[in-house]
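Colleague: Pasting a structure here, questions to come.
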Amino acid sequence: MTILKIEQVSRTFPARHGNAPTRALEPTDLIIGNNDFVTILGPSGCGKSTLLRIVAGLDRPTSGRVTLDGRAVTGPGADRGMVFQSYTLFPWLTVRENIAFGLRERGVSEAERNEIADGFIRQVGLSGFENHWPKQLSGGMQQRTAIARALANDPKILLLDEPFGALDNQTRALMQEMLLSIWERDQKTVLFVTHDIEEAIFLGSRVIVMSARPGRIKAEINVDLPHPRSYKIKTTPEFVQLKERLVEEIRTEALKVAEHA
Amino acid sequence: MRPLDPVTSKQRVAYGLAFFVLFVALWSWATLGGHVSKTFLANPLTMVQEGFDLLTKQGFVYDIGMTIWRVVGGFALAAIIAVPLGVLMGAYKPIEAFLEPFVSFARYLPASAFIPLLILWAGIGELQKLLVIFIGSVFQVILMVAVTVGATRRDLVEAAYTLGAGDRGIIRRVLLPSSAPEIAEILRLVLGWAWTYVIVAELIGSSSGIGHMITDSQALLNTGQIIFGIIVIGLIGLLSDFLFKAFNAWLFPWRLA
Ligand SMILES: Nc1ncnc2c1ncn2[C@@H]1O[C@H](COP(=O)(O)OP(=O)(O)OP(=O)(O)O)[C@@H](O)[C@H]1O
Ligand SMILES: [Mg+2]
Chain A
1 MTILKIEQVS RTFPARHGNA PTRALEPTDL IIGNNDFVTI LGPSGCGKST
51 LLRIVAGLDR PTSGRVTLDG RAVTGPGADR GMVFQSYTLF PWLTVRENIA
101 FGLRERGVSE AERNEIADGF IRQVGLSGFE NHWPKQLSGG MQQRTAIARA
151 LANDPKILLL DEPFGALDNQ TRALMQEMLL SIWERDQKTV LFVTHDIEEA
201 IFLGSRVIVM SARPGRIKAE INVDLPHPRS YKIKTTPEFV QLKERLVEEI
251 RTEALKVAEH A
Chain B
1 MRPLDPVTSK QRVAYGLAFF VLFVALWSWA TLGGHVSKTF LANPLTMVQE
51 GFDLLTKQGF VYDIGMTIWR VVGGFALAAI IAVPLGVLMG AYKPIEAFLE
101 PFVSFARYLP ASAFIPLLIL WAGIGELQKL LVIFIGSVFQ VILMVAVTVG
151 ATRRDLVEAA YTLGAGDRGI IRRVLLPSSA PEIAEILRLV LGWAWTYVIV
201 AELIGSSSGI GHMITDSQAL LNTGQIIFGI IVIGLIGLLS DFLFKAFNAW
251 LFPWRLA
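If you're matching them up, the sequences are chains A and B in order.
For the first sequence, UniProt numbering gives the first residue as 1, with consecutive numbering after it.
For the second sequence, UniProt numbering gives the first residue as 1, with consecutive numbering after it.
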């Protein structure tokens with residue numbers, strides 16, 4: 001059982017060079033249960049990455065606390081796997097070595113490491129690229145490797161920060177299906193950040209809508225679409241209806257941002 | 001020619017050689033054509049002759065060997081101390097805050113100005129020559145390595161943390177491999193500077209080495225030998241640079257991929 005609790009977590013970045021302090025995140029509460037797939041949807045700059053980084057332990061909240069299975073999060077750890085918005089594969093390691101990075105850190109033997117890594121390489125469809133360097137991969141392949149790298153560590157919760165943000169629509173759709181099929185098979189607890197409405201609905205069991213800066217949770221919408229989902233679901237009336245609702249929510253937020261700019 | 005357009009490797013060699021051909025041609029024109037006095041500048045043919053003479057009759061090979069050993073010895077000594085210190089400074093900010101002001105200051109102390117002092121302390125033996133090169137290189141390497149390690153991509157460090165790496169893991173499996181190619185480049189660069197220190201050290205109070213040969217030749221007004229000595233230094237530098245580059249490329253294939 002995995003339960004992630006975010007309690008009254010806020011983040012203010014201190015003032016610098018005479019600028020006023022930045023309130024990135026208002027006090028936020030969120031509970032993510034076992035095998036939940038929660039997507040966080042919000043306009044650019046609303047504090048999505050900030051929230052995810054706090055959960056990962058890479059940033060400290062100004063107030064509030066995060067607990068995973070009752071234990072307070074005080075720093076980064078292997079129990080919370082992260083896939084970043086930017087490409088963060090280690091350029092000096094091959095695809096296989098990248099995926100095995102966490103296993104090696106734990107002292108898993110080389111034979112076992114390779115076996116586990118190769119399993120994930122197959123899952124994310126990178127067979128034949130085991131010994132390639134990150135430089136030789138396309139953006140989509142790099143993010144697939146990054147997902148496999150996080151999964152290979154078998155974390156309690158997987159944190160994804162707009163992992164497909166830089167990809168073209170077709171690749172993006174394929175990656176969403178790949179991630180969803182992994183989740184449907186292995187049942188993982190996932191927190192997924194995006195600013196793409198379709199992506200949020202297609203992947204999530206629950207969509208959290210965040211308001212423009214300072215970020216806070218504005219709405220929470222359950223997605224009761226059946227699993228397994230295929231891309232065809234995106235044209236069903238239920239999907240379209242959810243989408244319209246979220247478009248409305250997001251639009252008001254985007255307008256706010258535009259007015260302040 | 002267009003900005004940043006690559007050249008083929010054949011063209012690269014051709015262009016590189018063309019410069020040397022042009023250079024020797026100008027030099028021949030100036031000396032053989034009688035535009036410059038023989039006392040000041042020997043012509044290329046005399047230079048080659050003098051060089052052959054040096055190598056076969058005057059034991060210049062031994063001098064070259066001595067100089068190489070001094071550079072390599074002093075430089076290796078500096079690298080063994082400077083690289084770990086630089087890595088520690090880059091990784092741990094308190095250590096950097098502690099050492100950086102001193103190292104930055106020491107970096108500007110000219111190694112050649114230490115020669116008289118080092119002769120007093122260590123005599124005119126090998127130790128003194130090694131120390132000149134050591135002092136000339138060690139602070140440069142420390143500082144440059146510290147900057148390189150400190151500039152390691154933060155997102156890679158964070159990724160490693162979320163994969164369960166501890167502080168040791170971060171240093172050994174992220175900071176070191178990510179800076180290694182840069183560190184190798186730094187060593188290649190500073191090795192080049194070490195060559196200038198060694199010659200200066202040999203110009204003063206030495207009984208062997210390329211620098212010593214050059215001072216001797218000056219007394220005899222033998223510009224052919226001086227130029228030959230300088231060219232030998234250049235050639236050795238070129239060769240070591242080439243070897244270093246090839247070694248780095250072999251060591252870090254992921255950079256070229
Ligand atoms: N290290 C920092 N120092 C100061 N301000 C910061 C820092 N990191 C983020 N911010 C500010 O906090 C706010 C939220 O940033 P964050 O990166 O969380 O947004 P986001 O929702 O992830 O946006 P995007 O969708 O564009 O990635 C922004 O206004 C940003 O300027
Ligand atoms: Mg972000």
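No residue lacks a Cβ here, since even glycine has one placed at the ideal position from N, Cα and C.
Please read all numbers here as calculations on a predicted model, not as lab measurements.
1) Is there a C-beta anywhere in chain E that falls below 8 Å from the one on Trp27 (chain B)?
2) Out of B:Leu256, B:Leu239 and B:Ile231, state which residue places its alpha-carbon closest to the alpha-carbon of Val24 (chain B).
3) Rounding to the nearest angstrom, what Cα-Cα distance links Ser112 (chain B) and Ile119 (chain B) in this structure?
4) Can you list, in chain order, the stretches of the alpha helix (DSSP H) that have 4 or more residues and sit fully within the region 75–133 of chain A?
5) Report the rounded CA-to-CA distance for Phe244 (chain B) versus Ala122 (chain B), giving the unit in angstroms.
6) Of the residues that make up the region 40–62 of chain A, which ones have a beta carbon closer than 9 Å to any beta carbon in chain B?
7) With C-beta atoms as the reference, is Pro27 (chain A) less than 8 Å away from Val9 (chain A)?
8) Flag Gln85 (chain A) as yes when its Cβ comes closer than 7 Å to any non-hydrogen atom of ligand 1, and as no otherwise.
9) Thinking just about the alpha-carbon of each residue, which of A:Thr50, A:Ile201 and A:Leu179 is nearest to the one in Leu151 (chain A)?
10) Where does Trp92 (chain A) land, buried or exposed, given buried means 16+ other C-beta within 10 angstroms?
11) Would you list the one or two residues that DSSP bridges to Leu4 (chain A)?
12) Using a C-beta to C-beta distance shorter than 8 Å, which residues of chain A count as neighbours of residue 258 (chain B)?
13) What are the boundary residues of the beta strand (DSSP E) that Thr194 (chain A) is part of?
14) Beta-carbon separation of Val73 (chain A) and Val66 (chain A) under 8 Å?
15) Does DSSP put Ala219 (chain A) in a helix, in a strand, or in coil?
16) In this structure, what does DSSP give as the bridge partners for Ile157 (chain A)?
17) The alpha helix (DSSP H) that contains Asn149 (chain A), what's its start and end?
18) How is the beta strand (DSSP E) around Val207 (chain A) delimited, first residue to last?
19) Note down the Cα distance separating Pro76 (chain A) from Glu158 (chain B), rounded to an integer number of angstroms.
20) Count the other CB atoms, across all protein chains shown, that sit within 10 Å of the CB of Asn98 (chain A); report buried if there are 16 or more and exposed otherwise.
21) May I ask whether a heavy atom of ligand 1 can be found less than 7 Å away from the beta carbon of Phe13 (chain A)?
22) Nearest-angstrom Cα distance between Arg185 (chain A) and Lys5 (chain A)?
23) For Ala78 (chain A), decide whether its Cβ has a neighbour in chain B, counting only Cβ atoms nearer than 8 Å.
24) Among all the DSSP beta bridges, which residues are the ones paired with Ser179 (chain B)?
25) Quick one, which residues of the region 112–137 of chain A are near chain B if we go by CB-CB under 9 Å, in chain order?
26) Looking at Ala82 (chain B) and Val147 (chain B), is the spacing between their C-beta atoms short of 8 Å?
Modeller: Quick look at the numbers:
1) Considering every chain present, this structure includes no chain E. Its protein chains are A and B.
2) B:Ile231
3) 11 Å
4) Taking only runs of at least 4 residues, the alpha helix (DSSP H) segments lying wholly in the region 75–133 of chain A are 95–99, 101–105 and 110–123.
5) 31 Å
6) Arg53, Ala56, Gly57 and Leu58
7) yes
8) yes
9) For the residues A:Thr50, A:Ile201 and A:Leu179, the minimum Cα distance to Leu151 (chain A) belongs to A:Leu179.
10) buried
11) Looking at the DSSP assignment, Leu4 (chain A) forms a beta bridge with A:Ile32 and A:Leu68.
12) Residue 258 (chain B) falls outside the range modelled here, since chain B spans only 1 to 257, and no answer is possible.
13) Thr189 to Thr194
14) Taking 8 Å as the Cβ cut-off, Val73 (chain A) and Val66 (chain A) qualify as a contacting pair.
15) strand
16) A:Arg80 and A:Thr189
17) Note that residue 149 (chain A) is Arg in the sequence shown, not Asn. That run of the alpha helix (DSSP H) goes Gly139 to Ala152.
18) Val207 (chain A) -> beta strand (DSSP E) spans Arg206 to Met210.
19) 8 Å
20) buried
21) yes
22) 25 Å
23) Output row for Ala78 (chain A): interface = yes.
24) Looking at the DSSP assignment, Ser179 (chain B) forms no beta bridge with any residue, so it has no partner.
25) Going along the region 112–137 of chain A in chain order, one finds His132, Trp133, Pro134, Lys135 and Gln136 with a Cβ nearer than 9 Å to chain B.
26) Remark: C-beta atoms of Val147 (chain B) and Ala82 (chain B) do not approach each other more closely than 8 Å.
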